[in-house]
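The numbering of the sequence shown is this note's numbering, which starts it at 3 and goes up by one. Beta carbons: idealized from backbone N, C-alpha and C, even for Gly. Bear in mind that the values here come from a model prediction, so they are computed numbers and not experimental data. Before any comments, here is the structure.
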Amino acid sequence: MTTTGGPGERLPAALRTEALEQLLTERGLIDPKVMNEIITTYETGVGPLNGAKVVAKAWTDPEYRRRLLEDGTAAIKELGFSGQQGEHIVVVENTASTHNVVVCTLCSCYPWPVLGLPPSWYKDPAYRARIVREPRTVLAEMGLELPDDVRITVRDSTSEVRWLVLPERPAGTAHLSEEELVPLVTRDAMVGVAKAEAP
């Protein structure tokens, strides 16, 4: 593969990724078909919809909510969501007085089986560093203004433990069924950088 750019110039991520994939394929270290299957799985078959189903069930089923908060991995597996990057998921609940937000300060550890692939901002070094030091400011910059009396806890995901936020159920949704609640749950709410909103 030919690339352009002078010494010291950094090529776009897509070109670097393509070059790395080509090199690994040529050396027989990866099979492009297997890579494509993995990417397709996490782009289309797995994603935030899985997590939204978990949250909606917890909002409508108190017993499931209890199990989810006691053992996130097992409760999530009850709904059929498990696999790589989801071996140990801890679920924490946001309330009117407590707000949890998730980061991976070392890299981009993320609960793939329930959230799919991590968004680019989650992997950004600025987010990873600043959310720990100034969470209220970073959340406000991302559009989430929290009152001063709300306690913010930053949860650091690692290769051993991945965190999932159970967002607060929006007011005025008591009449909605589990299925109707699913579309209200966003990936950002399950990371803690947004709230679930009523329709």
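C-beta atoms of residue i and residue j nearer than 8 Å
| i | j | result |
| --- | --- | --- |
| proline 169 | methionine 192 | yes |
| tryptophan 114 | glycine 88 | yes |
| tryptophan 165 | valine 56 | no |
| glycine 53 | valine 195 | no |
| tyrosine 66 | alanine 76 | no |
| valine 40 | valine 103 | Contrary to the premise, residue 40 reads as isoleucine rather than valine in this sequence. Result no, Cβ atoms of isoleucine 40 and valine 103 do not sit closer than 8 Å. |
Rounded C-alpha distance that separates residue i from residue j
| i | j | result |
| --- | --- | --- |
| arginine 138 | glutamate 28 | 47 Å |
| methionine 3 | glycine 30 | Unreliable positioning characterises methionine 3 in this predicted model, as indicated by a pLDDT of 42, which lies under 50. The coordinate reading is nonetheless provided below. So the alpha carbons of these two residues sit roughly 17 Å apart. |
| threonine 100 | valine 134 | 16 Å |
| arginine 68 | alanine 58 | 13 Å |
| valine 140 | tyrosine 129 | 8 Å |
| glutamate 95 | glycine 85 | 23 Å |
| arginine 189 | leucine 26 | 32 Å |
| glutamate 80 | glutamate 72 | 14 Å |
| glutamate 23 | aspartate 150 | 47 Å |
| leucine 70 | valine 167 | 11 Å |
| alanine 142 | asparagine 38 | 37 Å |
| alanine 60 | arginine 12 | 45 Å |
| proline 121 | alanine 200 | 23 Å |
| leucine 17 | valine 36 | 20 Å |
| threonine 107 | alanine 131 | 7 Å |
| leucine 148 | glutamate 136 | 13 Å |
Which listed residue (the options) has its alpha carbon closest to that of residue i
| i | options | result |
| --- | --- | --- |
| lysine 197 | Val152, Leu146 and Ala54 | Leu146 |
| threonine 62 | Ala200, Ile32, Ala176 and Val103 | Ala176 |
| cysteine 109 | Glu199, Ile154 and Glu162 | Glu162 |
| leucine 51 | Leu119, Arg132, Thr107 and Arg153 | Leu119 |
| histidine 90 | Thr97, Cys111, Ala98 and Val105 | Cys111 |
| valine 116 | Trp123, Val184, Gly49 and Val105 | Gly49 |
Any chain C beta carbon closer than 8 Å to residue i
| i | result |
| --- | --- |
| valine 94 | Although the question refers to chain C, the structure presented lacks it and comprises just one protein chain. |
### Task
Would you mind listing the beta strand (DSSP E) stretches within the region 153-197 that are 3+ residues and don't spill past its ends, in chain order?
153-158 and 164-168
### Query
Quick check: the region 177-186 against the region 156-167, are there 3 or more CB pairs under 8 Å?
no
### Message
Could you tell me which whole alpha helix (DSSP H) segments of length 4 or greater appear in the region 88-166?
### Response
114-117, 122-125, 127-135 and 137-143
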